[in-house]
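Chemist:
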Amino acid sequence: MNAEIIVVGAGIVGSACAHQFARRGLDVLVLDSQRGGATAVGMGHLVAMDDNPAELALSRYSIELWRQWAPSLDPDCAYRNCGTLWLAANREELQAAEHKRETLSAQGIACQMLDASALRQAEPMLRKGLLGALKVSGDSILYAPNAAHWLLAQGGARITRRQDQVSEVDGNRVRLADGRWLTAEAVVLAGGIHASELCPELPIRAKKGHLLITDRYPGRIQHQLVELGYAASAHANTGTSVAFNAQPRPTGQIFLGSSRQFDSLDPQVEGPVLARMLRRALDYLPELGKLNAIRSWTGFRAATPDSLPLLGEHPQQPGLWLAVGHEGLGVTTAPGSAQLLAAHLFKEPAAIDPSPYLPGRFLPVPRPTEHSA
Amino acid sequence: MNEDFDLLIIGAGPAGMAAALAAAPSGLRIGVIDDNPLPGGQIWRDGVHAHLPANARRHRAALAAAENIRLFSATRVVAIAGPQQLLLEDDERAWRAHYAKLILCTGARELLLPFPGWTLPGVTGAGGLQALIKGGVPVAGERLVIAGSGPLLLASAASAKQAGAKVLRIAEQAPPAALAAFALQLPRWPSKLLQALQLFDASYRSNSHVLAALGEERLEAVRLQQNGKLVEIPCKRLACGFGLLPNTHLGQALGCRIAGQAIAVDQWQACSLSDHYAAGECTGFGGSELALIEGAIAGHSAIGAQAKARALWPQRQHWQAFADRLGRSFALDPRLKQLAAADTLVCRCEDVSYGEIAGCSGWVDAKLHSRCGMGACQGRICGGATQFLFDWPTPTPRPPLSPARIESLLQLAEPDEAG
Amino acid sequence: MIELILDGLALRVAAGSTVAAALYLGGDGSSRTSVGDQRRAPVCGMGICQECRVSIDGQRRLACQTLCQPGMCVETHA
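Chains as they are written, first to last, in the UniProt record's numbering: chain A, 1 to 373; chain E, 1 to 419; chain L, 1 to 78.
(1) Could you name the residues of chain L that residue 386(A) contacts, counting a contact when the two beta carbons are closer than 7 Å?
(2) Where does Ser34(L) sit, in a helix, a strand or coil, going by DSSP?
(3) State yes or no: is the C-beta of Gly383(E) nearer than 7 Å to some heavy atom of the ligand ZN?
(4) Classify Met49(A): buried if its beta carbon has 16 or more other beta carbons within 10 angstroms, exposed otherwise.
(5) Considering Phe300(A), what are the terminal residues of the beta strand (DSSP E) in which it resides?
(6) Could you tell me if Pro83(E) is buried or exposed, where buried requires 16 or more neighbouring beta carbons within 10 angstroms of its beta carbon?
(7) Which partner residues does Asn245(A) have in the DSSP bridge list?
(8) So the candidates are Ser307(A), Leu288(A) and Val28(A); which of them puts its Cα closest to the Cα of Leu151(A)?
(9) Which residues of the stretch 277–311 of chain A have a Cβ closer than 8 Å to any Cβ of chain L? Give them in chain order.
(10) Using 8 Å as the limit for Cβ to Cβ distance, is Ala153(A) near chain E?
(11) Asn146(A) touches chain E at which residues, Cβ-Cβ below 7 Å?
(12) Quick one, which of Ala110(A), Gly328(A) and Pro75(A) has its alpha-carbon nearest Ala231(A)'s?
(13) Using a Cβ-Cβ distance cut-off of 8 Å, determine whether Leu119(A) contacts chain E.
(14) Within the chosen definition, does the stretch 99–113 of chain A reach the stretch 194–206 of chain A through at least 3 CB pairs nearer than 8 Å?
(15) Go ahead and pull the three-state DSSP assignment for Gln154(A).
(16) Is Lys161(E) helix, strand or coil by DSSP?
(17) For Leu104(E) and Leu214(E), I'd like the C-alpha separation in whole angstroms.
(18) Residues of chain A with a CB under 8 Å from the CB of Pro403(E): which are they?
(19) Would you tell me roughly how many angstroms separate the C-alpha atoms of Ile30(E) and Arg162(A), rounded to the nearest one?
(20) Would Pro334(E) pass as an interface residue toward chain A - the criterion being a Cβ-Cβ separation below 8 Å?
(21) Excluding the 5 residues flanking Pro138(E) on each side, which residues of the same chain have their C-beta closer than 6 Å to its C-beta?
(22) Strictly below 8 Å CB to CB, what residues from chain E border His149(A)?
(23) Applying the 10 Å Cβ sphere with the 16-neighbour rule, what's the burial state of Arg91(A)?
(24) Output yes or no for whether 8 Å exceeds the beta carbon distance between Pro359(A) and His314(A).
(25) Using the Cα positions of Asp414(E) and Glu270(A), report the straight-line distance between them to the nearest angstrom.
(26) How is Val265(E) classed by DSSP in three states: helix, strand or coil?
(27) Quick one, which residues of the stretch 27–41 of chain L are near chain E if we go by CB-CB under 8 Å, in chain order?
(28) Have a look at Asp7(L), Leu25(L) and Thr18(L) and flag the residue whose alpha-carbon is nearest the alpha-carbon of Ala140(E).
(29) So is Gln247(A) buried or exposed if we call it buried at 16+ other beta carbons inside 10 Å?
(30) Please compile the residues from chain L whose C-beta is within a distance smaller than 9 Å of the C-beta of Gln42(E).
(31) Based on Cα-Cα distance, which residue from Asp266(A), Leu130(A) and Leu285(A) lies nearest to Ile254(A)?
(32) Going by alpha carbons, who is nearest to Asp345(E) out of Met374(E), Thr248(E) and Pro116(E)?
(33) Please classify Cys77(A): does DSSP put it in a helix, a strand, or coil?
(34) To which residues of the same chain is Val324(A) closer than 7 Å at the C-beta, ignoring the five residues directly before and after it?
(35) So is Glu281(E) buried or exposed if we call it buried at 16+ other beta carbons inside 10 Å?
(36) Starting from Gly36(A), find everything on chain E with Cβ-Cβ shorter than 9 Å and list it in chain order.
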């Protein structure tokens, strides 16, 4: 086929990009190595994160897009508007919750403080003694592998998906495993952690995470439960950290995270890290100890130094567009990321300020004179 | 809490017991871990309605008498806790076992294949029915049909009849010519010939297989393809199994090489991983006689008694030839791949139908997009079925190796953090 | 004989019986309700298929691999 756009990677970000281009009438070829990335293993928590204004702007905008799509999503995308409870275990965390409430409210995000008794009523499985929580009602969950499928399916005949491993990218062309080159008007690199193999200059580090899921125990928890210490763990730059994060799956299973480790590419489940993560979970949900776990696994987040994705044209490779580096927020921010990228490509006005995500913040634009020497 | 063993044996069936007894004279500290409530594995499964053969009783008694062998029944291996360490769980506690050497005697499970109605209460595995009867499930006076493939069908029928059931039909999928060729070879193994004659049943039909289990809330009748004819037999139970699959999960997780569907071993029953051995059905189908010999060889090898191990090689060869012959005779007819209809469930844990996975590119694709294999059996049942139906490779095991309490997994912490 | 409770009703079984046997002796043999709302009963009999998982004294366990104990409380609708 003659694709106008080639997207490398059929995870949630690549699929969202393909979906946007197809909506604008372009023929899109999506190439995926089927090695699996963060989409296949992550939690699928659509969460308004507010560690900096750009993160909040992109997540807020994206969650709104998910909400618009929600009625048309296939049932197997398992979208549920369960909301997030940010749990405060001590005075400082209560203050942090209040601060978060102010930040989110200022952006028009519906949220409210729950005091200790309201929290117990909302989530009786939580241990006693928690001081309260911030409830963010608009946060949701979904099953990302099927949501990615749904996005591709929306493109109809405009989107072709092919299993193929891209071995090289060069501006607007890609080389396949068999050595053939394919050219398009633009190539979009959305390969998550695998993008570094094709562009080693990308400032992306792998952050390994562990996850575990229980057998079905319906009705035990109602909201995505996250400790307020989560953000501190999420943004640590060294070492191994864990934070309590529990999700009520529509199946009745309880889905547990989270851990972060740097610079390991070994997918093995590491017992000591898993145990630390579970001990943290038991601190919040003591009755979890008696529930049966049925599966644990790991995944890799593609993290940039400032935790914001790279969205825009590669400054050194005209024709190559980047949609990578979403760390733990790829599922949340895929719709907004795709909108921003499409706005760049079509020179449309963007819905939010695109500048904080431009790749140029890490990849200097080469001055032509330097290279001609 | 930790425990140290010089030799740890996983599985207390014939292979595991023989391995422990062969290694016992060394005086080493030996542990035998088994997830069944009582030792014996499946063929010598004990229970309120079990009738153990004399050889099984002898092995049980010898195991109990050996002071350096500790048996842990109703105990599951939950995870690999570090180099030469396993995390174990029983119904009360979880703990780590360290070992210098390990012998895997994890046995086999039945290959269960999906066909319309196979999820109805009343339908069990063939060996499954036998195990349930031994545990006290009452079948006296019940009408039942046994179907599938392999010698287990006759053994299951014998247990059912002994418990008072009426066995209406035994449907073996293999063609008569294959069975006749097998029967002609039986005199090479006189004890098996005798066993076959004792087990022989007038309701046995070759070239016959199940088409559907019929019923609303539970099984009411079975539809069979019987030598080219369609028959329906009203019955209360259907016991259906299509042979055995080696239990390789723990071996795979440890990193032992897998050959075909079984754990690969050399002539000493040693795995590709040093200090690790395997014996019995997890190394390939063979029956209890072969399992006993292999277990003994592994036990001798593990304690350095190479001469004793070597002395058993001829016996192993004798029984291996029998196993090979058996495997060829009961090879599954590829037409059995057509038994499931589009709406027949393949994954019983998540209720995923054949139609939902038939177009998938492989196990991972099916799992990600249909939830096939995502349930509590961890793909043990549907993984075996999809391997036969679609040639999908066996799923990679992940911890926990069987469903385990979350509090048990806390024991995977670094020793100073376990608390 | 051992006395236990199955789905709220007292039941006496022979010592050494499995909980799977108790399901048949005191009920219709079924152990759980599937995702698609079908009743299911023990299948493999040897701890593999997980069809027989029931609640035993509040803990989810396998009926086929568990021996009945006096006073045990078994639930198949948990």
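Built from N, CA and C at the ideal position, the CB exists for glycine as well.
Modeler: The short version:
(1) Nothing can be reported for residue 386(A): it is not among the residues displayed for chain A, which extend from 1 to 373.
(2) To locate residue 34(L), count along the third sequence from 1; it is residue 34. Three-state result, Ser34(L): coil.
(3) Judged by which ligands are present, the structure shown has none, so any question about the ligand ZN falls away.
(4) What you label residue 49(A) is simply residue 49 of the first sequence in a count that begins at 1. Met49(A) should be labelled buried.
(5) Position 300 of the first sequence, counting from 1, holds the residue named residue 300(A). Counting along the chain, the beta strand (DSSP E) containing Phe300(A) begins and ends at Asn292 to Ala303.
(6) Along the second sequence, one-based indexing puts residue 83(E) at 83. Exposed, since its Cβ has fewer than 16 Cβ neighbours within 10 Å.
(7) For the purposes of this step, residue 245(A) is identified with residue 245 of the first sequence, where counting begins at 1. Paired residue(s): Val226(A) and Gly257(A).
(8) In the first sequence, counting from the first residue as 1, residue 151(A) sits at position 151. The shortest C-alpha separation from Leu151(A) is found at Val28(A).
(9) When CB distances to chain L are screened at a threshold of 8 Å, the residues of the stretch 277–311 of chain A falling below it are Lys290, Leu291 and Asn292, in chain order.
(10) Taking the first sequence and counting its residues from 1, the one referred to as residue 153(A) is at position 153. No - not a single Cβ of chain E is within 8 Å of the one on Ala153(A).
(11) Taking the first sequence and counting its residues from 1, one reaches residue 146(A) at position 146. Ordered by position in chain E, the residues that pass the 7 Å Cβ test against Asn146(A) are His369.
(12) For this step, residue 231(A) is matched to residue 231 along the first sequence. Ranked by how close their Cα comes to the Cα of Ala231(A), the residues Ala110(A), Gly328(A) and Pro75(A) have Gly328(A) in first place.
(13) In the first sequence, the residue the question calls residue 119(A) occupies position 119. Closer than 8 Å: no.
(14) Not touching, per the Cβ criterion.
(15) The count along the first sequence starts at 1 and reaches residue 154(A) at position 154. Reduced to three states, the DSSP call for Gln154(A) is helix.
(16) Here residue 161(E) is taken as the residue at index 161 of the second sequence, counted from 1. Three-state DSSP puts Lys161(E) in a helix.
(17) Reading the second sequence from its first residue, position 104 is the one you call residue 104(E). Reading the second sequence from its first residue, position 214 is the one you call residue 214(E). Answer to the nearest angstrom: the Cα atoms are 40 Å apart.
(18) On the second sequence, position 403 is the one that residue 403(E) refers to. The answer, in chain order, is Asp215, Asn292, Ala293 and Ile294.
(19) Indexing the second sequence from 1 puts residue 30(E) at position 30. Indexing the first sequence from 1 puts residue 162(A) at position 162. It is roughly 54 Å from the alpha-carbon of Ile30(E) to the alpha-carbon of Arg162(A).
(20) Looking up residue 334(E) in the second sequence gives position 334. Answer no: the Cβ-Cβ gap between Pro334(E) and chain A never drops below 8 Å.
(21) As a position in the second sequence, residue 138(E) is number 138, starting the count at 1. When the five nearest sequence neighbours on each side are left out, no beta carbon in the same chain lies closer than 6 Å to the beta carbon of Pro138(E).
(22) Residue mapping note: residue 149(A) aligns to position 149 of the first sequence, counting from 1. His369, listed in chain order.
(23) Here residue 91(A) refers to the residue found at position 91 when the first sequence is read from its first residue. Looking at its Cβ environment, which holds fewer than 16 other Cβ atoms inside 10 Å, Arg91(A) is exposed.
(24) Reading the first sequence from its first residue, position 359 is the one you call residue 359(A). Reading the first sequence from its first residue, position 314 is the one you call residue 314(A). It is a contact, given that the beta carbons lie within the stated cut-off.
(25) Position 414 of the second sequence holds residue 414(E). Position 270 of the first sequence holds residue 270(A). It is Glu, not Asp, that sits at residue 414(E) in the sequence shown. If I take the Cα positions, the gap works out to 11 Å.
(26) Here residue 265(E) corresponds to residue number 265 of the second sequence, with the count starting at 1. Looking at Val265(E) - three-state DSSP - the assignment turns out to be coil, as it is neither helix nor strand.
(27) Listed by position, the residues of the stretch 27–41 of chain L near chain E (Cβ gap below 8 Å) are Asp28, Gly29, Ser30, Ser34, Val35, Gly36, Gln38, Arg39, Arg40 and Ala41.
(28) Residue mapping note: residue 140(E) aligns to position 140 of the second sequence, counting from 1. Comparing Cα positions, the closest option is Leu25(L).
(29) For the purposes of this step, residue 247(A) is taken as residue 247 along the first sequence, with counting starting at 1. Residue burial is scored here from C-beta neighbours: Gln247(A) has at least 16 other C-beta atoms within 10 angstroms and is therefore classed as buried.
(30) As a working note, residue 42(E) is residue 42 in the second sequence. The answer, in chain order, is Gly45 and Met46.
(31) Taking the first sequence and counting its residues from 1, one reaches residue 254(A) at position 254. Nearest in C-alpha terms to Ile254(A), of all of Asp266(A), Leu130(A) and Leu285(A), is Leu285(A).
(32) Start at 1 with the first residue of the second sequence, and residue 345(E) comes out as number 345. Contrary to the premise, residue 345(E) reads as Leu rather than Asp in this sequence. For the residues Met374(E), Thr248(E) and Pro116(E), the minimum Cα distance to Leu345(E) belongs to Pro116(E).
(33) Here residue 77(A) is taken as the residue at index 77 of the first sequence, counted from 1. Note: Cys77(A) maps to helix in three-state DSSP.
(34) Here residue 324(A) is taken as the residue at index 324 of the first sequence, counted from 1. Excluding positions up to five away in sequence, the list reads Leu189, Ala190, Gly191, Gly192, Ala195, Leu202, Ile204, Ala302, Pro309 and Leu310.
(35) Counting from one through the second sequence, the residue named residue 281(E) turns up at place 281. So Glu281(E) ends up on the buried side.
(36) Numbered from 1 along the first sequence, position 36 holds the residue referred to as residue 36(A). Neighbours of Gly36(A) on chain E, chain order: Val364 and Leu368.
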